[in-house]
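Peer 1: Sharing a structure, written as structure tokens. Questions coming.
2 protein chains.
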Amino acid sequence: MRCAVLNLRKASRVMTRLYEDIMKPSGLLPTQFSLLVAVRARGPVGITRLAEALSMDRTTLTRNLRPLAREGLLTIERASGDRRARQVSLSDAGLARLEVALPLWREAQRRTAELLGEARLDRLLGDLRAVVERGGERIAE
Amino acid sequence: MRCAVLNLRKASRVMTRLYEDIMKPSGLLPTQFSLLVAVRARGPVGITRLAEALSMDRTTLTRNLRPLAREGLLTIERASGDRRARQVSLSDAGLARLEVALPLWREAQRRTAELLGEARLDRLLGDLRAVVERGGERIAE
DNA sequence: TCGAATAATGTGCATATACACTTTAATCAT
DNA sequence: ATGATTAAAGTGTATATGCACATTATTCGA
Numbered sequence: 000m001r002c003a004v005l006n007l008r009k010a011s012r013v014m015t016r017l018y019e020d021i022m023k024p025s026g027l028l029p030t031q032f033s034l035l036v037a038v039r040a041r042g043p044v045g046i047t048r049l050a051e052a053l054s055m056d057r058t059t060l061t062r063n064l065r066p067l068a069r070e071g072l073l074t075i076e077r078a079s080g081d082r083r084a085r086q087v088s089l090s091d092a093g094l095a096r097l098e099v100a101l102p103l104w105r106e107a108q109r110r111t112a113e114l115l116g117e118a119r120l121d122r123l124l125g126d127l128r129a130v131v132e133r134g135g136e137r138i139a140e
Numbered sequence: 000m001r002c003a004v005l006n007l008r009k010a011s012r013v014m015t016r017l018y019e020d021i022m023k024p025s026g027l028l029p030t031q032f033s034l035l036v037a038v039r040a041r042g043p044v045g046i047t048r049l050a051e052a053l054s055m056d057r058t059t060l061t062r063n064l065r066p067l068a069r070e071g072l073l074t075i076e077r078a079s080g081d082r083r084a085r086q087v088s089l090s091d092a093g094l095a096r097l098e099v100a101l102p103l104w105r106e107a108q109r110r111t112a113e114l115l116g117e118a119r120l121d122r123l124l125g126d127l128r129a130v131v132e133r134g135g136e137r138i139a140e
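Protein sequence lines correspond, in order, to chains A and B.
Position 52 of the first sequence, counting from 1, maps to 51 under numbering that gives the first Met the number 0, and the rest follow consecutively.
Position 26 of the second sequence, counting from 1, maps to 25 under numbering that gives the first Met the number 0, and the rest follow consecutively.
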């Protein structure tokens, strides 16, 4: 069917399984890997800001952090200034885990490019970003 | 980041919220709507076959059927021939619900086309289908 | 300064997702 | 015919997702 949400969700399921398979030896699921990468790129960062960067609901992020914090891959600490806020940081173990996962992630990327072709993949990524940019503004309401 | 699974999942979240908002008055979530449409198109259909059509794990489908069966929108009955199999069918209430939801779905489609432009949306749908076709074959292994 | 509005986060609940394992029934090979 | 294999489906467990509501702390206006 020519339905945007159905086709996005279907493709999302397929791609998630592909990355999961390849990245399994790292012990990280694709979402968890993305989360660690996002935290590494932003240094200590608040939950709300991190959620916005991932176009993810804040409360979803809170729970997605849990298994990673449980494993000690990142830390969630009360901020020094604002006592409401919490800062998420990558731990040394988290960085080490990322280094295990990165080659596997690159292999999954390679496999994806092989499936679709570089040009089509680039085009798809651009269109997906357009969806996020143009459709994601409701979040700020 | 130039990551296929991250961008697909992000876009999927954004688009899901957009459709959810618009379709809310129907009482159907996007996944549930897609499921009813898929059942309507296939008449009485087995769980495994339906799951394949949706690129969805069979056990996920089993659980996704539950709230719809609970509301009486579809029925799940033992097949006459094979006593292992179950047949999923759309009920009259399901059909009625679909007719409530369809105009809302069309509005969500219209809004999506407005956000991306017709041409870009068509291109995106084609690329997503390519992901499903080329990446989804692992399921058959 | 103190009460109201705002901001950052967490919880309860429900759905979505899928792997590993189990159960039951059909089919197939000998 | 019967034991082995295959096929259809369900369950246990864990993560992913987000809305409604609650909590706590900051900020801001009179």
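Heads up, the beta-carbon is just placed ideally off N, CA and C, and yes, glycines get one too.
1) Cα separation between B/Lys9 and A/Asn6?
2) Does A/Thr111 get closer than 8 Å to chain B when you measure Cβ to Cβ?
3) So is A/Leu94 buried or exposed if we call it buried at 16+ other beta carbons inside 10 Å?
4) Taking DSSP as the reference, what is the three-state secondary structure of B/Gly80?
5) In the DSSP assignment, the beta strand (DSSP E) including A/Leu89 goes from what residue to what residue?
6) Considering just the uninterrupted stretch of the alpha helix (DSSP H) at B/Ser11, what are its terminal residues?
7) B/Pro102 CB to nearest chain A CB: under 8 Å?
8) Confirm, please, whether the CB-CB distance from B/Gly42 to B/Ala84 is below 8 Å.
9) Less than 8 Å between CB atoms is the rule here; does B/Gly134 satisfy it with respect to chain A?
10) Confirm, please, whether the CB-CB distance from A/Ile21 to A/Ala155 is below 8 Å.
11) List, in order along the chain, the chain B residues whose C-beta lies closer than 8 Å to that of A/Pro29?
12) Just to confirm my understanding: we take B/Thr74, look at its own chain, exclude 5 residues before and 5 after, and list those with CB closer than 6 Å. What are they?
13) Please classify B/Val13: is it buried, with 16 or more other beta-carbons within 10 angstroms of its beta-carbon, or exposed?
14) Quick check on DSSP: helix, strand or coil for B/Leu141?
15) Beta carbons nearer than 7 Å to chain A: which residues of the segment 72–84 of chain B have them?
16) For A/Asp126, does the count of other Cβ atoms within 10 angstroms reach 16, so buried, or fall short, so exposed?
17) Comparing the C-beta of B/Ala139 with each C-beta of chain A, is any distance below 8 Å?
Peer 2: Looking at the atomic coordinates:
1) In a straight line, the C-alpha of B/Lys9 is about 14 Å away from that of A/Asn6.
2) Chain B contact via Cβ: present.
3) Its Cβ having fewer than 16 others within 10 Å, A/Leu94 is exposed.
4) Secondary structure of B/Gly80 (DSSP, three-state): coil.
5) A/Leu89 -> beta strand (DSSP E) spans 85–89.
6) In the DSSP assignment, B/Ser11 falls within the alpha helix (DSSP H) that extends over 3–22.
7) With a threshold of 8 Å between beta carbons, B/Pro102 makes no contact with chain A.
8) The answer is no: Cβ separation not under 8 Å.
9) Output row for B/Gly134: interface = yes.
10) Look at the range of chain A in this structure, 0 to 140, and you will see that residue 155 of chain A is not part of it.
11) Below the 8 Å Cβ cutoff, chain B contributes Val4, Leu5, Arg8 as neighbours of A/Pro29, in chain order.
12) Excluding positions up to five away in sequence, the list reads Ser88, Ser90.
13) With 16 or more Cβ atoms within 10 Å of its Cβ, B/Val13 is classed as buried.
14) For residue 141 of chain B there is no data in the structure shown, the boundaries of chain B being 0 and 140.
15) Those would be none; no residue qualifies.
16) Around the Cβ of A/Asp126, a 10 Å sphere holds 16 or more other Cβ atoms; the residue is buried.
17) Note that B/Ala139 scores a pLDDT of 33, beneath 50, so its modelled location is shaky and nothing firm can be said.
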